Amino acid sequence: MTLFLLPGVNLRVGRLELGIGFLKWTMQIKKGAGQHFSPDWDELPNQTGRLKKEIRRLGKQLEGVNPGFVITVNGKRKGIFSDFLFKNIDKVEEKELYDILRAATAFGSIGPERKGKALGSFLQTLSFLNRRESRAMTTSGYLARLILEIIQPLSIESLCDLCSGMGILGVQALSENPLLRFYGQEIDEKSYFLSVIHFALSGFQNAELRFGDILKNPLLKEEGALLQFDSVAADLPANQYIGDTREMAFPQRFTEGFGRNLSSDWLFVEHALHVLKPGGVGVVVLSTPSLNKAGDSAVRRRLIRQDLVEAVIDLPDTIADASSQPRSALVIRKGKPAERTGKVLMIDVYGQFSTGKDGDAGHWVDKAASIYREGKEIAGISVWRSVEEIERKGALLGASGYALATHPVTEAHPSKPLKSLAVAVFRGIQLSTTQRESAANREGEEVFLLNSGDILDEREFREFRPEIIRFWNRKWTLYALKEGDLVISARGTIIKTMVIQPEHLPALVSSNVLCVRLKEGAIDPYYLKAFLDSPRGQLILNSVQTGRTIKAINPKSLETVQIPCPGPDRQKQIGDAYRKAQEDFRRGRERYENQLREVFATFEE
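Residue numbers for the sequence shown follow the working numbering, so the first one is 1045 and each next one is one higher.
So this is what it looks like as structure tokens:
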């Protein structure tokens, strides 16, 4: 990544470059407040043979007068300059260091406000951050805008970000309302240091930032009590394991009885509610599957009964977390307006603005915010559901399932639960290695044992080659596949489907695969595959997954999935078009591979 600090000054911004720039900026601010440095910035280029030592010393001097520049990690002191920005300064050639100083000197003449904006906008694309780090540490600008559209910074006096990351949300909030008292806590040291830089360079040095685990040890407190805020926001980390809440500070934040098995998403929600003032609104962005996990149903049910959930917004796939899980925004409020009590607004933005759809990339923010503010119901997009209905449905909070059911129910487009279209939905047989080896040595018909890795689609080149065993136990007949069955991978983050054809038989289905045996004439199997493979279908399948470490779908949850069912002719048209598109893709890729081989073969002649 290249940053143009000034016309003609081209500097690659790594850790050291950022550190030198931030050192210069901080010294300029402190000098304006009456603090003096020796050597001064202008004297640094004259420190021949001592340049690295003097830069490190100045960094430590600034750490000594700025408490937020120093953190404690596992009992060890770490400074923003000493242990982060200047960590590898000894590996840099002196000539390169002088080049960086000259660039920073030119940069310093711009003035603090413009300088802060210039560097702040580049923090999330720094050269020393890999893509996964940047994604995990950064709240999307679009997502931050949606959160602030809901919270309305101009209408509040205090805002707390439970996972403040690099400060994207906080800087936007303070830009809208400079008088806002902003608080944040961050568990990742790299993110924390970058947020300190971001707030400082943006002119918001008074933001109250803390380093540490906000669940295990919340630090935003006064006289032994946790601070309360007008609004709370959180863009939660993915797959964070927390442990037993009884071992945490302020255990009263968490409902009694919800300990070690409760997912971290709902612990953050409970913390948010604990620190939210009466009448306050909070927005917690969490993984969509957590809205439907059976293990978290008790805490969801309690929140529904207490009428604390105001809205759920399923977000576009561009807002997926670092592990590519779909995400949703849970809007909580202590004391809803009278017209919103006893119900929850379900908004499915995902289905309207998924990847590949036309329109401005951020248009979904305006759409979702407008629906939320006005409480609008739009068929197929948003709907109000009573807390009684949600509780009857197991306190499931995934918005897409409720919104999908509101598509106009006509003869052409009714929606039906998968259970009503199937003779049976079942999990395959669990066979140990010993059982499979024993079966292979017995007398009986040879059959395939279909595992999730054997599920193919028409785009793939590889042959269908599952494990072969002997079919000798008549009880296994219950798990024998038939032509026209739809199989779905039951475990893992990637959900694949396949329609069973004659060449796949005879076969047994294994325990990591679910089989949907369809009623004759109820639905075209290739249409069903097309729907489940679509972005909307994948979101719905993700929403019924359970499990903290290994994601899984159970048959009962799969049966509840709502399937749009146009007429038979339309189903066949869609199913055939999907198969043709996959076959065209496979053939096109095959031609491409053949042409490449021909080109590369010329180098072997």
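Glycine included, C-beta positions come from ideal geometry on N, C-alpha and C. The structure presented is a predicted model; accordingly, all values stated were derived computationally and were not measured.
> Going by C-alpha distance, which of 1248, 1647, 1588 is nearest residue 1444?
Replying inline: Residue mapping note: residue 1444 aligns to position 400 of the sequence shown, counting from 1. The candidate whose alpha carbon is nearest that of residue 1444 is 1588.
>> With three or more beta-carbon pairs closer than 8 Å as the criterion, would you say the segment 1214-1234 touches the segment 1243-1258?
In response: yes
> In chain order, what residues of the same chain have a beta carbon less than 7 Å from the beta carbon of residue 1297, not counting five sequence neighbours either side?
Replying inline: Taking the first residue of the sequence shown as position 1, residue 1297 is located at position 253. Taken in chain order, the residues that qualify are 1314, 1315, 1318.
>> If I measure Cβ to Cβ from residue 1356 and keep anything under 8 Å in the same chain, skipping five residues before and after, which residues do I get?
In response: One-based indexing of the sequence shown puts residue 1356 at position 312. Cβ neighbours of residue 1356 beyond the five flanking positions: 1335, 1372, 1373, 1374, 1375, 1388, 1389, 1390, 1391, 1441, 1442, 1443.
> Rounded C-beta distance between residue 1511 and residue 1493? I'm assuming under 8 Å.
Replying inline: In the sequence shown, counting from the first residue as 1, residue 1511 sits at position 467. In the sequence shown, counting from the first residue as 1, residue 1493 sits at position 449. Right, their Cβ atoms sit about 5 Å apart.
> Residue ranges of each alpha helix (DSSP H) run of no fewer than 4 residues wholly in the segment 1198-1265, ordered along the chain?
Replying inline: 1212-1220, 1233-1245
> What span of residues does the beta strand (DSSP E) with residue 1608 cover, start to end?
Replying inline: Numbered from 1 along the sequence shown, position 564 holds the residue referred to as residue 1608. Per DSSP, residue 1608 belongs to the beta strand (DSSP E) from 1606-1608.
>> Please report the distance separating the alpha-carbon of residue 1539 from that of residue 1194.
In response: Here residue 1539 corresponds to residue number 495 of the sequence shown, with the count starting at 1. Here residue 1194 corresponds to residue number 150 of the sequence shown, with the count starting at 1. If I take the Cα positions, the gap works out to 33 Å.
>> I need the DSSP call for residue 1360, collapsed to helix, strand or coil.
In response: One-based indexing of the sequence shown puts residue 1360 at position 316. Correct three-state label for residue 1360: coil.
>> At the level of alpha carbons, what is the spacing between residue 1080 and residue 1275?
In response: As a position in the sequence shown, residue 1080 is number 36, starting the count at 1. As a position in the sequence shown, residue 1275 is number 231, starting the count at 1. Roughly 40 Å between the two C-alpha positions.
>> Using the Cβ count rule (16 or more neighbours within 10 Å means buried), how would you classify residue 1416?
In response: Within the sequence shown, numbered from 1, the residue matching residue 1416 stands at position 372. Within a 10 Å sphere around the beta-carbon of residue 1416 sit 16 or more other beta-carbons, which makes this residue buried.
>> Would residue 1027 and residue 1560 qualify as a contact pair, given that the criterion is a beta-carbon distance under 8 Å?
In response: For the chain, the structure presents residues 1045 to 1649; residue 1027 sits outside this window and is missing.
> Between residue 1362 and residue 1327, what straight-line distance do the alpha-carbon atoms span, to the nearest angstrom?
Replying inline: Sequence index remark: in the sequence shown, residue 1362 carries index 318 (1-based). Sequence index remark: in the sequence shown, residue 1327 carries index 283 (1-based). Spanning the two alpha carbons is a distance of roughly 18 Å.
> Is it right to say residue 1644 is buried, meaning 16 or more other beta carbons lie within 10 angstroms of its own, or is it exposed?
Replying inline: Within the sequence shown, numbered from 1, the residue matching residue 1644 stands at position 600. Exposed: under 16 other Cβ atoms inside 10 Å.
> Where does residue 1071 sit, in a helix, a strand or coil, going by DSSP?
Replying inline: Translated into the one-based positions of the sequence shown, residue 1071 becomes position 27. Reduced to three states, the DSSP call for residue 1071 is helix.
>> With H, G and I counted as helix, E and B as strand and the rest as coil, what does DSSP make of residue 1647?
In response: Residue numbering aside, residue 1647 sits at position 603 when the sequence shown is read from its first letter. In the structure shown, residue 1647 sits in coil (DSSP, three-state: anything other than H, G, I, E or B).
> When the Cα of residue 1199 is compared with those of 1279, 1104, 1220, 1208, which residue comes out closest?
Replying inline: As a working mapping, residue 1199 is identified with position 155 in the sequence shown. If we check each option's Cα against that of residue 1199, 1220 comes out closest.
> Quick one: what's residue 1428 bridged to in DSSP?
Replying inline: Looking up residue 1428 in the sequence shown gives position 384. Beta-bridge pairing links residue 1428 to 1389.
> At what residues does the beta strand (DSSP E) containing residue 1532 begin and finish?
Replying inline: Numbered from its first residue, the sequence shown carries residue 1532 at position 488. From DSSP, the beta strand (DSSP E) with residue 1532 extends over 1530-1533.
> Going straight from the alpha carbon of residue 1065 to that of residue 1072, what length do you get?
Replying inline: By 1-based counting over the sequence shown, the position of residue 1065 is 21. By 1-based counting over the sequence shown, the position of residue 1072 is 28. The alpha-carbon atoms of residue 1065 and residue 1072 are separated by roughly 11 Å.
> In chain order, what residues of the same chain have a beta carbon less than 8 Å from the beta carbon of residue 1134, not counting five sequence neighbours either side?
Replying inline: For the purposes of this step, residue 1134 is taken as residue 90 along the sequence shown, with counting starting at 1. Cβ neighbours of residue 1134 beyond the five flanking positions: 1096.
> For residue 1439, which three-state DSSP category applies?
Replying inline: As a first step, residue 1439 is located in the sequence shown; it is residue number 395 there, counting from the start. Reduced to three states, the DSSP call for residue 1439 is coil.
> Is the beta carbon of residue 1346 less than 8 Å from the beta carbon of residue 1299?
Replying inline: In the sequence shown, the residue the question calls residue 1346 occupies position 302. In the sequence shown, the residue the question calls residue 1299 occupies position 255. Result yes, Cβ atoms of residue 1346 and residue 1299 sit closer than 8 Å.
>> Pop quiz: residue 1273 and residue 1202 are said to be a contact at Cβ under 8 Å. What is the actual Cβ separation, rounded to whole angstroms?
In response: As a working mapping, residue 1273 is identified with position 229 in the sequence shown. As a working mapping, residue 1202 is identified with position 158 in the sequence shown. That belief holds up - the Cβ atoms of residue 1273 and residue 1202 are roughly 5 Å apart, short of 8 Å.
>> Looking at the secondary structure, which residues open and close the beta strand (DSSP E) in which residue 1468 lies?
In response: Here residue 1468 refers to the residue found at position 424 of the sequence shown. 1466-1471 is the span of the beta strand (DSSP E), which, as asked, contains residue 1468.
>> Just verifying my parser: in three-state terms, what is the DSSP assignment at residue 1574?
In response: Working through the sequence shown from its first residue, we reach residue 1574 at position 530. Three-state DSSP puts residue 1574 in a helix.
> Of the choices 1574, 1573, 1601, whose alpha-carbon is the least far from that of residue 1586?
Replying inline: As a first step, residue 1586 is located in the sequence shown; it is residue number 542 there, counting from the start. It is 1601.
> Where does residue 1136 fall in DSSP's three states?
Replying inline: Here residue 1136 refers to the residue found at position 92 of the sequence shown. Looking at residue 1136 - three-state DSSP - the assignment turns out to be coil, as it is neither helix nor strand.
>> Measuring only the C-alpha atoms, how far is residue 1308 from residue 1232?
In response: Counted from its first residue, the sequence shown places residue 1308 at position 264. Counted from its first residue, the sequence shown places residue 1232 at position 188. Cα-Cα distance, rounded: 16 Å.
> Thinking C-alpha only, which one of 1207, 1544, 1331 is nearest residue 1528?
Replying inline: Against the sequence shown, residue 1528 aligns to sequence position 484. The shortest C-alpha separation from residue 1528 is found at 1544.
> Based on the DSSP secondary-structure assignment, which residues constitute the bridge partners of residue 1542?
Replying inline: The residue labelled residue 1542 in the question sits at position 498 within the sequence shown. DSSP output for residue 1542 lists 1531 as bridge partner(s).
> residue 1323 lies in the beta strand (DSSP E); which residues open and close that run?
Replying inline: Here residue 1323 refers to the residue found at position 279 of the sequence shown. Element bounds for residue 1323: 1320-1331.
> Looking at C-beta atoms only, is the number of pairs between the segment 1567-1582 and the segment 1426-1440 that lie closer than 8 Å three or more?
Replying inline: no
> Which residues in the same chain as residue 1474 place their Cβ atom closer than 8 Å to its Cβ, once the five residues preceding and following it in sequence are excluded?
Replying inline: Counted from its first residue, the sequence shown places residue 1474 at position 430. The answer, listed in chain order, is 1554, 1555.
> Does the Cβ-Cβ distance between residue 1476 and residue 1533 come in under 8 Å?
Replying inline: Taking the sequence shown and counting its residues from 1, the one referred to as residue 1476 is at position 432. Taking the sequence shown and counting its residues from 1, the one referred to as residue 1533 is at position 489. Not closer than 8 Å, so no.
> Quick one: what's residue 1116 bridged to in DSSP?
Replying inline: In the sequence shown, the residue the question calls residue 1116 occupies position 72. In the DSSP output, where bridge partners are listed per residue, residue 1116 has 1121.
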